[in-house]
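Reading the sequence shown from the start, the letters are residues 5 to 254 in my numbering. Idealized CB from N, CA, C, for every residue including glycine. Report on the structure given below.
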Amino acid sequence: MAHQTRPFIGINADYVPAGKVHSSFVRLHAGYLDNVVAAGGLPVVVPPLGKDMDPDAWLDRLDGFLLTGSTWDLDPRRLGMPSHSSVQPLPERRDESDRRLIRCLLERRMPLLAIGLGMQQLNVACGGTLYLHLPQDLPRAMPHRDPTDAPHRHLVLLEAGTRMEEIFGAGEICVNSSHHQAVRQVGDGLRISARAPDGVIEAIESTDRRWFCVGVQWHPESETASALDLQLFECFIQACLRQGAMQLAA
């Protein structure tokens with residue numbers, strides 16, 4: 005579905021299970037919504053869908069999709085790996101919903117921007133692997149989050165000849181960072197487009213230049229993001245508009 009002025013951008017919401025003092029609810033960082041609007045899109049919040057809801061019912065009405073991050077982690081047991089004391093597994097309802105959603109997105113080759121956990125989910129869906137806990141798996145790695153949850157930043161080195169280099173320019177950028185898991189081996193059809201100085205993968209993208217499919221480990225939607233990060237949203241929205249125009253012309 006194409007929208008000539010403002011494309012409809014799906015954004016998956018986080019799910020918080022019921023606790024002792026509250027009912028279950030969904031949540032979404034307002035930065036995702038605000039940046040999509042600022043870049044020229046119309047955000048459409050997609051809640052964690054039950055098993056009886058077909059993701060295609062949503063995707064038929066959208067022009068692009070933004071896979072969000074979370075305060076929770078990918079569950080290593082679902083990846084055939086042992087659990088780890090540092091891991092706080094994603095609630096099952098969101099995990100199951102995201103898995104079905106990502107399968108449909110990959111089949112459709114819909115313009116896709118994946119952030120934080122979303123980048124890790126995209127990579128795993130394509131057959132890639134994961135570092136469960138960087139301080140243990142890569143003890144010589146630089147810090148990728150502040151232990152007190154204070155804002156943390158580091159440099160990211162952009163790979164030459166990639167879409168990320170086209171978006172940000174050649175060289176390096178400074179990004180926020182708050183993760184302890186990371187992409188280990190890149191999945192099929194994806195390539196590395198940015199690394200931290202210690203070699204940890206910070207961005208991936210599709211090897212197919214015709215498909216805008218980008219994942220970043222940092223959080224361009226956050227209050228601690230750089231002003232340059234809006235360019236990532238703008239290029240994503242423009243890709244949605246181009247694909248919509250091509251579908252109309254077909």
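Assignment of beta-bridge partners to Arg157 by DSSP yields Asn180. DSSP places Asp77 in the strand class (E or B) of the three-state scheme.
Comparing alpha carbon positions, the residue from Asp150, Ala118, Ala207 and Leu37 closest to Ile177 is Ala207.
In the same chain as Pro51, and ignoring 5 residues on each side of it, the C-beta atoms closer than 6 Å to its own belong to Ala17 and Val30, in chain order. Three or more Cβ pairs closer than 8 Å define a contact, and the segment 240-250 meets that threshold against the segment 41-51. Between the segment 127-138 and the segment 153-169, the count of Cβ pairs shorter than 8 Å is below three; the stretches do not touch.
If only complete runs of 3 or more residues are kept, the segment 172-249 shows the beta strand (DSSP E) at 176-180, 194-199, 205-210 and 217-220, in order along the chain. Annotation: Ala198 to Gly191 spans about 15 Å, alpha carbon to alpha carbon. Of the other Cβ atoms in all chains shown, fewer than 16 fall within 10 Å of the Cβ of Leu252; this residue is therefore exposed. Of Gln125, His88, Ser89 and Glu111, the smallest CA-CA separation from Glu100 is found for Gln125. Runs of the beta strand (DSSP E) spanning 3 or more residues and lying entirely within the segment 81-165 occur at 116-119 and 157-162, in chain order. Between His158 and Met168, the beta carbon gap of about 16 Å keeps them out of contact (Cβ cut-off 8 Å). Taking the Cβ atoms as the reference, Pro86 lies roughly 6 Å from Pro80, within the contact range of under 8 Å. The criterion of a C-beta distance shorter than 8 Å is satisfied by Val48 and Ile13. Closest by C-alpha distance to Gln140, out of His184, Leu194, Gly54 and His156, is His184.
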